Amino acid sequence: MIKRFKKIIGRYRNLEQVYVVPYRSYGTFSHLYVKGRALDNEPLKIVKDQSFFKTIKNTYKQFDSFEIPDALIELIVPGKTNLKELTNDEGYFLFDKTIDENLSEYANDEGWVEYEIYYRNELEKRTELLANPFRGEFLVPPIDAEFGVISDIDDTILHTGVTSFLKWRLLKNSLLTNAYKRIPLKDAPDLYQKLHKGKSGKNKNPMFYLSNSPWNLYEYLKLFLDYNKFPKGPILLRDLRTPFESTLKPEKPHKQKEITNILKTYPDLKFILIGDSGEHDASIYTDIAAQYSDRILAIYLRSVKHKRRMGRVRSLIDNFDTVPVLLAENSNEAEMHARENGFIQ
1 MIKRFKKIIG RYRNLEQVYV VPYRSYGTFS HLYVKGRALD NEPLKIVKDQ SFFKTIKNTY
61 KQFDSFEIPD ALIELIVPGK TNLKELTNDE GYFLFDKTID ENLSEYANDE GWVEYEIYYR
121 NELEKRTELL ANPFRGEFLV PPIDAEFGVI SDIDDTILHT GVTSFLKWRL LKNSLLTNAY
181 KRIPLKDAPD LYQKLHKGKS GKNKNPMFYL SNSPWNLYEY LKLFLDYNKF PKGPILLRDL
241 RTPFESTLKP EKPHKQKEIT NILKTYPDLK FILIGDSGEH DASIYTDIAA QYSDRILAIY
301 LRSVKHKRRM GRVRSLIDNF DTVPVLLAEN SNEAEMHARE NGFIQ
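Using full-length UniProt numbering, you'd call the opening residue of the sequence shown number 1 and step up by one each time.
As structure tokens, then:
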């Protein structure tokens, strides 16, 4: 209650604890794009056998966040570079920097570069710093990557029920179900592992995961992807807007903006786009493919059971011949197409 009162009156002094969450992101040998958030919260604890009450409590905690604005954050790639940024009013920080050092020298075989995050504001006596440093990682795709994959999460690899009446299934699946109990769409992890390995079988192809879910669900979705053995990749969510948001609404949809950023970051890499037919993926992906026709190898759209939306999607793709578009009933159909076109073994 005391923390809630501090929140209401806008006072961020006397923090109880500092928890900095670096989000998995991406970069190049000379550029990094790292986002995260500084919070006066304890880490989210999701366990396999937690009760329904505990799941509800965790859901509440994810959205009942206490951000730390104007916090000085330092990012260090050991032996390479030091960068500093301030958090914004919502506690987010963003390092979007071109640097002189070759970051790929510190990447592992799959391209991941580990970094350290330090909270540099002066701490009050009662404030607990939960780590020193906090640790994160960003992806620098290997130069011998064959292609990249940009995939939606919702109803593409994780059933959410976004097309359900009044969104009740979306609410139940996303907010009231333990991440360990969420079941990926059939054979999706296997398909994504094969795309990650590509024709060479060397685990080199970068994977990017997009969702319209807010950043509050980052740890939940990260746990789901890791637990179900999807290839590790940057996770790109969106800021949660409120009815009182003073900033202008972005001109482009979140997914379109993120895909465009990825394509511009890796101008020599081609991509496969994977989504579903339930929301706006078909129109966003075909728009991207029309604009970058030489960069998109294929579009895979998972069919959803919604007659009106399926009709609209078919009207979009039936006459679209810029790049191959597959409306797939399951992962096996996408795998067959990928194999026939030489994307996988």
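Note that beta-carbon positions come from the ideal geometry of N, C-alpha and C, so glycine has one too. Bear in mind that the values here come from a model prediction, so they are computed numbers and not experimental data.
DSSP-derived helix/strand/coil call for residue i
| i | result |
| --- | --- |
| A71 | coil |
| R295 | coil |
| T127 | coil |
| L237 | strand |
| H254 | helix |
| K232 | coil |
| T98 | strand |
| A107 | strand |
| P267 | coil |
| D276 | strand |
| P189 | helix |
| A328 | strand |
| D154 | strand |
| N121 | coil |
| N212 | strand |
| L15 | coil |
| F224 | helix |
Reference residue i, options the options, closest by Cα
| i | options | result |
| --- | --- | --- |
| Q17 | R126, N108, D109, S104 | R126 |
| Y292 | A282, V323, D276, E122 | V323 |
| L221 | R302, R120, L195, L158 | L158 |
| P133 | L139, Y119, P142 | Y119 |
| R24 | L223, L273, N102 | L223 |
| S15 | I299, E42, G36, L139 | The question names Ser, but residue 15 is Leu in the sequence shown. With distances taken between Cα atoms, L15 lies closest to E42. |
| N82 | G91, K97, G233, Y92 | K97 |
| N261 | H280, L210, Y227 | L210 |
| P253 | Y285, D268, N228, P231 | Y285 |
| K35 | E90, F230, E128 | E90 |
| S30 | Y19, S104, G79, I235 | S104 |
| Q193 | N212, Y218, D226, K257 | D226 |
| K232 | D239, P189, D268, S65 | P189 |
| T28 | I317, I344, F93, L269 | L269 |
| M101 | P78, F93, K84 | The question names Met, but residue 101 is Glu in the sequence shown. Out of P78, F93, K84, P78 has the C-alpha closest to the C-alpha of E101. |
Which residues DSSP lists as bridging residue i, in chain order
| i | result |
| --- | --- |
| V20 | A38 |
| D287 | None; D287 has no bridge partner. |
| T81 | V77 |
| F138 | S25, V113 |
| G148 | F271 |
| H31 | T98 |
| F343 | Paired residues: none, contrary to the question. |
| L301 | G275, L327 |
Beta-carbon proximity of residue i to residue j, cut-off 8 Å
| i | j | result |
| --- | --- | --- |
| L39 | E67 | yes |
| E137 | W112 | yes |
| L301 | S277 | yes |
| I150 | F208 | yes |
| G148 | N205 | yes |
| L326 | E335 | no |
| H337 | A298 | yes |
| D152 | I259 | no |
| F95 | L32 | yes |
| P22 | I99 | no |
Below-8 Å beta-carbon distance, residue i vs any chain D residue
| i | result |
| --- | --- |
| H196 | Structure shown: chain D not included; a single protein chain is present. |
Inter-residue CB distance, residue i and residue j (contact presumed, cutoff 8 Å)
| i | j | result |
| --- | --- | --- |
| L72 | N121 | 6 Å |
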